[in-house]
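Asker:
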DNA sequence: TATTGTTATACTCTATAACTATA
DNA sequence: TATAGTTATAGAGTATAACAATA
């Protein structure tokens with residue numbers, strides 16, 4: 000069986016076995032992602048573009064590094080960067096130390112659009128998060144950290 | 000701004016404001032969903048097909064009901080049902096009380112493939128879930144419930 | 001010869017609009 | 001006239017394979 004869950008915030012629920020938990024988590028994540036995509040669609044920038052801009056805010060990264068971070072293949076990242084470059088949100092620069100690489104830099108317009116998008120993008124989610132109890136928010140905060148770590152594996 | 004977050008269960012981390020939490024949650028969910036899709040791809044059935052089969056295990060539903068449950072439009076559900084019907088996993092039946100409606104029934108093959116898929120589909124996730132602490136599993140269990148409720152809104 | 005990035009191409013999933021049949 | 005479902009078409013995002021430039 001699962002763990003005793005001694006200090007669970009919801010005493011009525013026991014932790015399910017790994018298989019059952021994975022199944023319910025998978026449904027929850029897939030459904031939420033579909034909802035997020037639908038709600039955020041056609042405003043500002045795409046989810047992929049958003050992540051890329053956020054990733055290079057603190058300094059340029061190569062196309063390969065970005066692809067690895069986003070867990071997608073290089074050609075897909077090339078397309079995302081193309082879109083951002085056309086929109087004027089990033090520029091491509093050479094790396095003098097390895098001229099095969101392409102460093103993606105964020106522009107001022109890119110920084111601005113990211114900040115605007117940050118508030119709009121999460122509007123749907125933020126509205127629902129705000130309706131939660133502090134305990135539920137803490138749970139989601141911790142869950143986000145766990146999911147990030149699991150996905151990074 | 001967000002709530003003061005007075006009784007956080009994770010002392011080192013305070014619950015972020017609704018906007019920040021929504022932002023980090025969004026990234027975590029989108030990244031995990033991309034990972035899930037990639038890991039589960041081309042085995043058994045698609046995520047959408049999986050959810051549909053699971054939904055009609057306890058009795059047939061109409062195409063419209065399924066579309067609403069999955070938060071997608073009717074034509075998208077028609078395509079998913081087409082795929083399942085071609086594969087022999089569901090059958091379409093009339094509703095005698097309203098002949099505009101189409102009731103989607105699961106077949107024996109559909110039930111079997113769902114049970115097989117259930118264990119395979121969540122394999123990637125279950126492996127990582129099993130490596131977590133009981134407390135982390137409890138957190139994800141609760142988070143799944145919260146995400147489900149938020150997505151249902 | 002190996003690696004980085006791009007181009008070419010195709011597949012999956014989604015959506016909106018137009019259509020058919022039933023109510 | 002309104003509703004349930006399908007068909008037609010298009011768009012977004014992803015992938016693999018082949019190619020160019022550089023190491």
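Protein chains in written order, with the working numbering: chain A, 0 to 152; chain B, 0 to 152.
Glycine included, C-beta positions come from ideal geometry on N, C-alpha and C.
In terms of residues, what are the limits of the alpha helix (DSSP H) holding residue 124 of chain B?
Answerer: In the second chain, residue 124 of chain B corresponds to position 125, counting from 1. Its alpha helix (DSSP H) spans residues 122-129.
Asker: Which complete beta strand (DSSP E) runs does the stretch 50-132 of chain B hold, if anything under 3 residues is left out?
Answerer: 89-93, 101-105
Asker: Once the 5 residues before and after residue 66 of chain A are set aside, which same chain residues still bring their CB inside 8 Å of it?
Answerer: Residue numbering aside, residue 66 of chain A sits at position 67 when the first chain is read from its first letter. Cβ neighbours of residue 66 of chain A beyond the five flanking positions: 72, 73, 75, 76.
Asker: Check whether the Cβ atoms of residue 20 of chain A and residue 113 of chain A lie closer than 8 Å to each other.
Answerer: Within the first chain, residue 20 of chain A is the residue found at index 21, counting from 1. Within the first chain, residue 113 of chain A is the residue found at index 114, counting from 1. For residue 20 of chain A and residue 113 of chain A, no; Cβs fall outside 8 Å.
Asker: With distances taken from CA atoms, which of A:92, A:128, A:116, A:97 is nearest residue 105 of chain A?
Answerer: Mapped onto the first chain, residue 105 of chain A falls at position 106. Nearest C-alpha to residue 105 of chain A: A:92.
Asker: Which value, in whole angstroms, describes the spacing of the CA atoms of residue 22 of chain A and residue 108 of chain A?
Answerer: For the purposes of this step, residue 22 of chain A is identified with residue 23 of the first chain, where counting begins at 1. For the purposes of this step, residue 108 of chain A is identified with residue 109 of the first chain, where counting begins at 1. So the two alpha carbons sit approximately 41 Å from each other.
Asker: Taking Cβ positions, are residue 121 of chain A and residue 18 of chain B nearer each other than 8 Å?
Answerer: Translated into positions along the first chain, residue 121 of chain A becomes position 122. Translated into positions along the second chain, residue 18 of chain B becomes position 19. Yes, the Cβ-Cβ distance between residue 121 of chain A and residue 18 of chain B is below 8 Å.
Asker: Strictly under 8 Å for the Cβ-Cβ distance: is residue 154 of chain B near chain A by that measure?
Answerer: This structure does not reach residue 154 of chain B, given that chain B is present from 0 up to 152, and the question cannot be answered.
Asker: Using a Cβ cut-off of 9 Å, pull out every chain A residue sitting near residue 76 of chain B, in sequence order please.
Answerer: Translated into positions along the second chain, residue 76 of chain B becomes position 77. The premise fails here: residue 76 of chain B is roughly 13 Å from chain A at the closest Cβ pair, so nothing lies under 9 Å.
Asker: Distance check for residue 99 of chain B and residue 49 of chain A, CA to CA, integer angstroms please.
Answerer: Within the first chain, residue 49 of chain A is the residue found at index 50, counting from 1. Within the second chain, residue 99 of chain B is the residue found at index 100, counting from 1. Their backbone Cα atoms lie some 43 Å apart in a straight line.
Asker: Distance, Cα to Cα, residue 118 of chain B vs residue 85 of chain B?
Answerer: Against the second chain, residue 118 of chain B aligns to sequence position 119. Against the second chain, residue 85 of chain B aligns to sequence position 86. Residue 118 of chain B and residue 85 of chain B: Cα-Cα distance of roughly 23 Å.
Asker: If we define contact as Cβ-Cβ less than 8 Å, is residue 147 of chain A a contact residue for chain B?
Answerer: Reading the first chain from its first residue, position 148 is the one you call residue 147 of chain A. It does: the Cβ of residue 147 of chain A has a partner Cβ on chain B nearer than 8 Å.
Asker: Count the other C-beta atoms from every protein chain shown that fall within 10 angstroms of the C-beta of residue 56 of chain B, then say buried if there are 16 or more, exposed otherwise.
Answerer: As a working note, residue 56 of chain B is residue 57 in the second chain. When all chains shown are included, residue 56 of chain B counts as exposed.
Asker: When you compare the CB of residue 141 of chain B with every CB in chain A, is at least one pair closer than 8 Å?
Answerer: Stepping through the second chain from its first residue, residue 141 of chain B is reached at position 142. Yes - at least one Cβ of chain A is within 8 Å of the one on residue 141 of chain B.
Asker: Taking the Cβ atom as the reference point for each residue, do residue 44 of chain B and residue 138 of chain A lie within a distance shorter than 8 Å?
Answerer: Indexing the second chain from 1 puts residue 44 of chain B at position 45. Indexing the first chain from 1 puts residue 138 of chain A at position 139. No; because the gap between Cβ atoms is not below 8 Å, this pair is not in contact.
Asker: Distance check for residue 62 of chain A and residue 82 of chain A, CA to CA, integer angstroms please.
Answerer: Working through the first chain from its first residue, we reach residue 82 of chain A at position 83. Working through the first chain from its first residue, we reach residue 62 of chain A at position 63. If you take the alpha carbons of residue 82 of chain A and residue 62 of chain A, they lie about 13 Å apart.
Asker: Please report how far the alpha carbon of residue 24 of chain B lies from the alpha carbon of residue 143 of chain A, in whole angstroms.
Answerer: Along the second chain, one-based indexing puts residue 24 of chain B at 25. Along the first chain, one-based indexing puts residue 143 of chain A at 144. Cα to Cα, the separation comes out at about 5 Å.
Asker: How is residue 31 of chain B classed by DSSP in three states: helix, strand or coil?
Answerer: Stepping through the second chain from its first residue, residue 31 of chain B is reached at position 32. In this structure, residue 31 of chain B counts as helix in the three-state DSSP scheme.
Asker: Exposed or buried, which one is residue 31 of chain A when buried takes at least 16 other CB atoms within 10 Å?
Answerer: Taking the first residue of the first chain as position 1, residue 31 of chain A is located at position 32. Result: buried.
Asker: Tell me the rounded alpha-carbon separation between residue 149 of chain A and residue 127 of chain B.
Answerer: Position 150 of the first chain, counting from 1, holds the residue named residue 149 of chain A. Position 128 of the second chain, counting from 1, holds the residue named residue 127 of chain B. Each residue's alpha carbon lies about 6 Å from the other.
Asker: Compare the C-beta of residue 56 of chain B with all C-beta atoms of chain A and state if any pair is closer than 8 Å.
Answerer: Your numbering for residue 56 of chain B matches position 57 in the second chain. It does not; no Cβ of chain A falls within 8 Å.
Asker: Give a yes or no on whether the minimum CB-CB distance between residue 67 of chain A and chain B is below 8 Å.
Answerer: On the first chain, position 68 is the one that residue 67 of chain A refers to. Not one chain B Cβ lies under 8 Å of residue 67 of chain A.
Asker: In this structure, how does DSSP classify residue 150 of chain A when only helix, strand and coil are distinguished?
Answerer: Stepping through the first chain from its first residue, residue 150 of chain A is reached at position 151. Looking at residue 150 of chain A - three-state DSSP - the assignment turns out to be helix.
Asker: Of all the options A:36, A:130, A:136, which has the alpha carbon lying nearest to the alpha carbon of residue 70 of chain B?
Answerer: Residue mapping note: residue 70 of chain B aligns to position 71 of the second chain, counting from 1. Answer by Cα proximity: A:36.
Asker: What whole-angstrom Cβ distance do residue 59 of chain B and residue 103 of chain B have, given they're in contact under 8 Å?
Answerer: Reading the second chain from its first residue, position 60 is the one you call residue 59 of chain B. Reading the second chain from its first residue, position 104 is the one you call residue 103 of chain B. Confirmed, about 6 Å.
Asker: State the Cα-Cα distance for the pair residue 79 of chain A and residue 87 of chain A, rounded to the nearest angstrom.
Answerer: Mapped onto the first chain, residue 79 of chain A falls at position 80. Mapped onto the first chain, residue 87 of chain A falls at position 88. Their backbone Cα atoms lie some 13 Å apart in a straight line.
Asker: Go through its chain and collect everything with a Cβ distance to residue 54 of chain B's Cβ below 7 Å, but skip five positions before and after it.
Answerer: For the purposes of this step, residue 54 of chain B is taken as the residue at position 55 of the second chain. Cβ within range, chain order: 60, 65, 68.
Asker: Can you tell me whether residue 115 of chain A is buried or exposed, with buried defined as 16 or more other CB within 10 angstroms of its CB?
Answerer: Translated into positions along the first chain, residue 115 of chain A becomes position 116. With a threshold of 16 other beta carbon atoms within 10 Å, residue 115 of chain A falls short and is exposed.
Asker: Closer than 8 Å, CB to CB, is residue 26 of chain A near chain B or not?
Answerer: The count along the first chain starts at 1 and reaches residue 26 of chain A at position 27. Closer than 8 Å: yes.
Asker: What residues from chain A crowd round residue 22 of chain B, counting only those whose CB sits closer than 7 Å?
Answerer: As a first step, residue 22 of chain B is located in the second chain; it is residue number 23 there, counting from the start. What residue 22 of chain B touches in chain A: 117, 121.
Asker: Given this structure, state the Cα-to-Cα distance separating residue 29 of chain B from residue 89 of chain B, to the nearest angstrom.
Answerer: Translated into the one-based positions of the second chain, residue 29 of chain B becomes position 30. Translated into the one-based positions of the second chain, residue 89 of chain B becomes position 90. Using only the alpha carbons, I get a separation of about 30 Å.
Asker: Kindly indicate which three-state DSSP category residue 44 of chain A falls into: helix, strand or coil?
Answerer: Stepping through the first chain from its first residue, residue 44 of chain A is reached at position 45. The answer is coil: DSSP assigns residue 44 of chain A none of H, G, I, E or B.
Asker: Are the C-beta atoms of residue 109 of chain B and some chain A residue less than 8 Å apart?
Answerer: Here the question's residue 109 of chain B lines up with position 110 in the second chain. Residue contact with chain A for residue 109 of chain B: absent (no Cβ-Cβ distance below 8 Å to any residue of chain A).
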